[in-house]
Amino acid sequence: MGPQLRGKALIIVIILTSGIDFILVGYDQGLFGGILAGERFQDMLGNPGPTMSGLVTAIYDIGCALGAVAAFVWGEKIGRKNSIIAANLIVVVGAAIQTASYSYWQMFASRIICGVGVGLSTVAVPILQSETLPAHNRGALMVIQTALIIIGVAVASWLCFATLYANSSMQWRFPVACQILFSLIVLVLCLFLPETPRWLAKHGRKDEARHVIGRLLNVPDDDQEVEGQLAEILDNIAAEHTEEEPGWSEVFSNRSKTRNLQRVLLGMAPYMMNQWSGINALCYYLAYILQEYLGYSQAMSLILASVAFTQYAIFSWPPYFYIDRIGRRWTVMLSSAGCAICMAIIAGCLLKENFSMAAAAVAFIFIYLDCFTLGILPVSWLYSAEIQPLRVRNKSTAVGVFSHWSSNFVVVMVTPIGLNNIGGNYFWIWAIVCASLVPLTYFFGVETSGRSLEQIDHLFFDKPRALMGLNSDATRVIHQSKNDEEQRFRDMGEKRLSISHVEKS
Numbered sequence: 080m081g082p083q084l085r086g087k088a089l090i091i092v093i094i095l096t097s098g099i100d101f102i103l104v105g106y107d108q109g110l111f112g113g114i115l116a117g118e119r120f121q122d123m124l125g126n127p128g129p130t131m132s133g134l135v136t137a138i139y140d141i142g143c144a145l146g147a148v149a150a151f152v153w154g155e156k157i158g159r160k161n162s163i164i165a166a167n168l169i170v171v172v173g174a175a176i177q178t179a180s181y182s183y184w185q186m187f188a189s190r191i192i193c194g195v196g197v198g199l200s201t202v203a204v205p206i207l208q209s210e211t212l213p214a215h216n217r218g219a220l221m222v223i224q225t226a227l228i229i230i231g232v233a234v235a236s237w238l239c240f241a242t243l244y245a246n247s248s249m250q251w252r253f254p255v256a257c258q259i260l261f262s263l264i265v266l267v268l269c270l271f272l273p274e275t276p277r278w279l280a281k282h283g284r285k286d287e288a289r290h291v292i293g294r295l296l297n298v299p300d301d302d303q304e305v306e307g308q309l310a311e312i313l314d315n316i317a318a319e320h321t322e323e324e325p326g327w328s329e330v331f332s333n334r335s336k337t338r339n340l341q342r343v344l345l346g347m348a349p350y351m352m353n354q355w356s357g358i359n360a361l362c363y364y365l366a367y368i369l370q371e372y373l374g375y376s377q378a379m380s381l382i383l384a385s386v387a388f389t390q391y392a393i394f395s396w397p398p399y400f401y402i403d404r405i406g407r408r409w410t411v412m413l414s415s416a417g418c419a420i421c422m423a424i425i426a427g428c429l430l431k432e433n434f435s436m437a438a439a440a441v442a443f444i445f446i447y448l449d450c451f452t453l454g455i456l457p458v459s460w461l462y463s464a465e466i467q468p469l470r471v472r473n474k475s476t477a478v479g480v481f482s483h484w485s486s487n488f489v490v491v492m493v494t495p496i497g498l499n500n501i502g503g504n505y506f507w508i509w510a511i512v513c514a515s516l517v518p519l520t521y522f523f524g525v526e527t528s529g530r531s532l533e534q535i536d537h538l539f540f541d542k543p544r545a546l547m548g549l550n551s552d553a554t555r556v557i558h559q560s561k562n563d564e565e566q567r568f569r570d571m572g573e574k575r576l577s578i579s580h581v582e583k584s
C-alpha cells in the first residue's frame with residue numbers, strides 16, 4: 080500500500096491512473112495501422128491476404144469482448160481497483176508474447192490475451208471515475224481520460240514511423256513491446272488508489288466508504304458533507320437492495336423501479352455509436368488506406384496518419400470546457416451530424432481517382448476525426464457508468480463494453496474486405512449511420528451532466544418512460560458549482576444527523 084493521498088492529490092492520481100490505462104487503449108488502436116503494411120511484419124505473418132490481415136487485427140477486439148464478459152462475471156466481486164490491477168497484469172503477459180511472436184497464429188493468440196486485459200480495464204476504469212469524481216465537473220475530468228486515448232493513437236503512429244526503416248524485426252517488435260510500459264506504470268499508480276466508496280458501501284464496509292469520501296473531499300471523516308454523501312449512497316442502496324447477487328435476468332429486466340433494461344440499452348448506445356460511426360475503420364487502417372487506396376508511399380502514409388492523429392489528439396481537449404455546460408446529448412448530436420457530413424464527402428471524393436480528389440478525401444478525414452473527438456468519443460466512454468444503477472453498474476457497464484468491442488471487431492474485420500470490394504462507397508455506410516445517431520439521441524437520451532449518480536437514479540424512479548428524451552426534466556442540464564454541491568451534501572448530512580438524534584431520544 081502506498082501513502083493515503085487526499086483531496087486534489089488523490090483526484091490527480093485517479094485521473095492519471097485512468098489516463099495512462101486509456102493511453103494503452105488508444106495505443107493499441109493505432110498500433111496495427113502503423114505496422115501492418117511493414118515488410119518485415121508481413122513476412123513474419125506469412126504475407127496474409129485482406130481477410131487474414133483483418134482477422135489478426137480484429138481478433139484483439141474479441142479478446143476485449145471476452146474481458147468485458149470476465150468483468151460481468153467477476154468484476155463486482157473483486158472491485159474496481161483489483162479489476163484494474165488484474166487487467167494490466169494480463170496485458171503485460173499478452174504483450175510479452177506478442178513481442179516474441181514468430182508466426183501468424185502466435186500473434187493471433189497473444190492479441191486475444193492482451194485484449195482480455197484491455198476489455199476488463201475498460202469496464203473498471205470508467206466506473207472507478209464515475210464513482211469517485213465530483214458531479215459538478217465529472218464530465219470535464221473524464222474528458223481527460225478520453226483525450227489520452229487519442230494521444231495513445233498518435234504515439235503509436237509516430238513510433239511506428241520512427242522504426243519504419245529499422246533493418247530487423249525491431250521495426251515492429253519495439254512498438255509492440257511498448258504496451259508493457261503503459262501497464263507497468265498503471266500497476267505502480269494502483270498502489271496509491273483507493274477502492275470506490277460506492278463499492279465499499281454496497282459490500283457493507285461503511286466505515287471504509289466514509290473514510291474514502293473524507294479523503295476525496297479532504298475533510299475529516301465525521302464532516303457533515305461526508306455524512307451527506309454517504310447518506311445519499313446508502314439510501315439508494317437500500318432502495319435497490321435484495322440479498323441475492325444480480326444475475327442476467329435482473330440486468331435485462333425493467334421489472335424493478337430502477338428500469339435496468341432501459342438503462343443497459345442507454346448505456347450500450349454510446350459505446351456502439353463509438354464504433355458504428357466508422358472511427359476505427361480509420362484509426363486501425365488510416366496509414367494502410369492512404370497507401371493502398373489513395374496512392375501515397377508508405378513513408379508519406381505514416382507521416383499523414385501521424386499528423387492526423389496528432390491533430391485528433393489536440394481536438395480531444397476542447398470538450399473539457401463545454402461537456403458539462405451544453406450536456407452529453409447536444410455534444411453527441413452535434414458531433415454525429417458533423418461526422419455524417421464528413422463521411423459523405425469522403426465517399427464522394429473517392430468516386431474519382433485523381434490527386435485533387437485524394438487530397439480532398441484526406442482533408443475531410445482530418446475533419447471527421449476532429450468532429451468525432453469533439454463529441455461522440457468523450458460521451459461514449461463516460462455515459463454508461465453514469466447512467467447505470469449501482470446494484471448492476473458493473474454488469475451493465477460490462478454489457479456496454481462488450482457491445483463496444485464486439486462492434487469494433489466487426490468494423491475492423493470487414494474494413495479491408497469492404498474497401499477491397501466496393502472501394503470508396505464503403506464510407507457511405509458510415510455517413511448514414513452517423514446521421515441516424517442524431518434522432519436516436521434526441522428521442523431516447525437522458526442528460527447526466529451536473530447530476531450525482533443517485534440523482535440520475537431518481538429520473539427513472541420518478542418519471543419513467545421509453546422516450547426519455549421527451550421528458551424536459553430528464554434532458555435538462557444541471558449547472559452547479561463546487562460550493563453548490565458541497566452545500567447540498569451538508570444539508571443532507573444535517574438532516575441525517577437530526578433524524579438520528581430524534582430516533583435516539
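In the numbering used here, the protein residues as written are 80 to 584. Virtual Cβ for every residue (Gly too), placed ideally from N, Cα, C. In this text, all values refer to a predicted model and were calculated from it rather than measured experimentally.
- Item | 7 Å Cβ shell around serine 380 - same chain, five flanking residues per side excluded | Counting only Cβ-Cβ distances below 7 Å, and skipping sequence neighbours, we find Ala366, Leu369 and Gln370.
- To the nearest whole angstrom, what separates the beta carbons of glycine 146 and valine 197, a pair I think is in contact under 8 Å? 6 Å
- Query: Under the rule that 16 or more other beta-carbon atoms within 10 Å means buried, what is glutamine 83, buried or exposed?
  - Reply: exposed
- Kindly indicate which three-state DSSP category leucine 448 falls into: helix, strand or coil? helix
- Measure the CB-CB distance between glycine 76 and isoleucine 466 and report whether it falls below 7 Å. Examination of residue 76 is not possible in this model, given that the chain is present from 80 through 584 alone.
- Item | Complete alpha helix (DSSP H) runs within the segment 445-507 (minimum length 4 residues, chain order) | 455-466 and 472-501
- Would you grab the beta carbon distance between glycine 357 and leucine 429 for me? Rounded to a whole angstrom, and I think it's under 8 Å. The pair is not a contact, with the Cβ atoms about 13 Å apart (cut-off 8 Å).
- Query: DSSP state of cysteine 362, grouped into three classes?
  - Reply: helix
- Task: Grab me the residues of leucine 103's own chain with a C-beta within less than 6 Å of its C-beta, minus the 5 sequence neighbours each way, in chain order.
- Result: The beta carbon of leucine 103 sits closer than 6 Å to the beta carbons of Phe261 from its chain, once the five residues preceding and following it are set aside; these are given in chain order.
- Task: Rank Arg217, Val234, Ala464 and Gln108 by C-alpha distance to the C-alpha of isoleucine 55 and give the top, closest one.
- Result: Here the chain covers residues 80 to 584 and nothing more, so residue 55 does not appear.
- Message: Taking a contact to mean a Cβ-Cβ separation below 7 Å, would you say threonine 476 touches serine 395 in this structure?
- Response: no
- Message: Once DSSP output is grouped into helix, strand and coil, what is the label at proline 543?
- Response: coil
- Would you be able to state if there are at least three C-beta pairs under 8 Å between the segment 420-427 and the segment 437-450? yes
- Verify whether the separation of the beta carbon atoms of glycine 231 and glycine 105 is less than 7 Å. Less than 7 Å separates the beta-carbon of glycine 231 from that of glycine 105.
- Message: Determine whether the beta carbon atoms of tyrosine 643 and serine 515 lie at a separation below 7 Å.
- Response: Lying before the first or after the last residue shown, residue 643 is absent from the chain, which here runs from 80 to 584.
- Task: Using alpha carbons as the reference points, say which of Ala378, Arg569, Leu519 and Gln534 lies closest to alanine 545.
- Result: Leu519
- Message: If you reduce the DSSP assignment to three classes, tell me which class arginine 569 lands in.
- Response: Here arginine 569 sits in helix by DSSP.
- Query: When you compare only the Cα positions, how much space is there between leucine 227 and proline 457?
  - Reply: 11 Å
- Nearest neighbour of threonine 136, chosen from Ile164, Ile163, Asp107 and Ser551 [CA to CA]: Asp107
- Hey, out of Tyr401, Thr389 and Gly406, whose CA is closest to phenylalanine 445's CA? Thr389
- Item | arginine 569 versus alanine 280 - alpha carbon distance | 19 Å
- Query: Under three-state DSSP, which class holds aspartate 536?
  - Reply: helix
- In terms of alpha-carbon separation, which member of Ala188, Val265 and Gln177 lies closest to alanine 256? Gln177
- Message: Please classify tryptophan 237 as buried or exposed, where buried requires at least 16 other C-beta atoms within 10 Å of its C-beta.
- Response: Buried is the call here.
- Message: Do alanine 464 and serine 97 have their beta-carbon atoms positioned less than 7 Å apart in this structure?
- Response: no
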